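A short write-up of the structure that comes next.
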Amino acid sequence: MASSKYYFFDVGVVSSLQGREFRTGTPEFGEAFETYFMHELTSYSDYVSGEPLSYWRSTTGFEVDFIIGDHTAVEVKAKENISPQDIKSLQALAEEKKLKRYLCVSLEPRLRRFGGVTVLPFREFLDALRNGEYA
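With the first letter of the sequence shown counted as 1, position 127 gets the number 790 in my numbering; the numbers rise by one all the way through.
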């Protein structure tokens with residue numbers, strides 16, 4: 664597991680300086696969506712769980728956005744329809760069988776599963792996080 668990843672504190676400031684807009688489906692929207700979850704997970708780590716946050720990158724180029732402690736992998740996708748291609752990194756990590764949960768947080772309207780990966784609406788993830796379900 665790698666230890667940290669760099670995020671601008673507010674991607675809105677960066678995008679504004681570059682003259683970019685946040686529209687659903689754009690890279691800017693995806694960056695803002697991921698950064699929002701970075702802030703939520705950092706707050707959770709700092710104030711609730713005390714568990715470290717990290718990310719995972721394989722030698723073959725797969726990457727998972729967040730690892731909570733030593734038990735939960737979280738990939739954030741600002742999409743309404745997650746495809747098997749979108750969760751390849753989570754599946755690659757799941758093959759190592761090191762963690763308890765493999766989650767893809769998305770704009771999808773309902774929870775569903777692809778093998779060992781759970782795709783869930785971002786609001787459900789946030790509710791569960793705030794209720795301490797990922798500790």
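Even glycine gets a Cβ: it sits at the ideal position worked out from N, Cα and C. Keep in mind it's a predicted model, so treat the numbers as computed, not measured.
Closest residue to residue i among the options (Cα-Cα distance)
| i | options | result |
| --- | --- | --- |
| H734 | A695, E759 and T687 | E759 |
| Y755 | V780, E771, Y710 and F685 | This sequence places Ala at residue 755; Tyr is not what is there. Selected option, being the one with the closest Cα: V780. |
| E714 | E694, S721 and G732 | G732 |
| S721 | A757, P784, F785 and F777 | A757 |
| P690 | S712, R775 and V739 | V739 |
| L801 | L774, F725 and H702 | This structure cannot settle anything about residue 801, because the visible part of the chain is limited to 664 through 798. |
| K643 | R776, Y797, L789 and R773 | Here the chain comprises residues numbered 664 to 798, so residue 643 is not present and cannot be evaluated. |
| G826 | R773, S769 and G724 | Given a span of 664 to 798 for the chain in the structure shown, any question on residue 826 remains unanswerable. |
| D728 | G693, D709, P747 and R775 | G693 |
| Y765 | R775, L789 and V737 | V737 |
| A791 | F685, R686 and Y707 | Y707 |
| P633 | W719, R786 and G778 | The first residue shown for the chain is 664 and the last is 798, placing residue 633 beyond what the model contains. |
First and last residue of the uninterrupted beta strand (DSSP E) at residue i
| i | result |
| --- | --- |
| A736 | T735 to V739 |
| Y699 | From DSSP, Y699 is part of no beta strand (DSSP E) but of the alpha helix (DSSP H) over P690 to Y707. |
| S717 | L716 to R720 |
Enclosing alpha helix (DSSP H) for residue i [first to last residue]
| i | result |
| --- | --- |
| E627 | In the structure as shown, the chain begins at 664 and stops at 798. Residue 627 is therefore absent and cannot be evaluated. |
| S752 | K751 to A757 |
One or two residues paired with residue i in a DSSP bridge
| i | result |
| --- | --- |
| Y765 | A736 |
| T781 | L766 and R776 |
| V727 | W719 |
Residues of its chain near residue i, where Cβ-Cβ distance is below 8 Å and the 5 sequence neighbours each way are ignored
| i | result |
| --- | --- |
| E771 | K742, E743, N744, I745, V782, L783 and P784 |
| K761 | D733 |
| L619 | Shown here, the chain extends from 664 to 798; a query on residue 619 therefore has no answer. |
| S712 | I731, G732, G795, Y797 and A798 |
| L774 | T781, V782, L783, P784 and E787 |
Three-pair Cβ contact test at 8 Å for the segment 690 to 700 versus the segment 748 to 765
no
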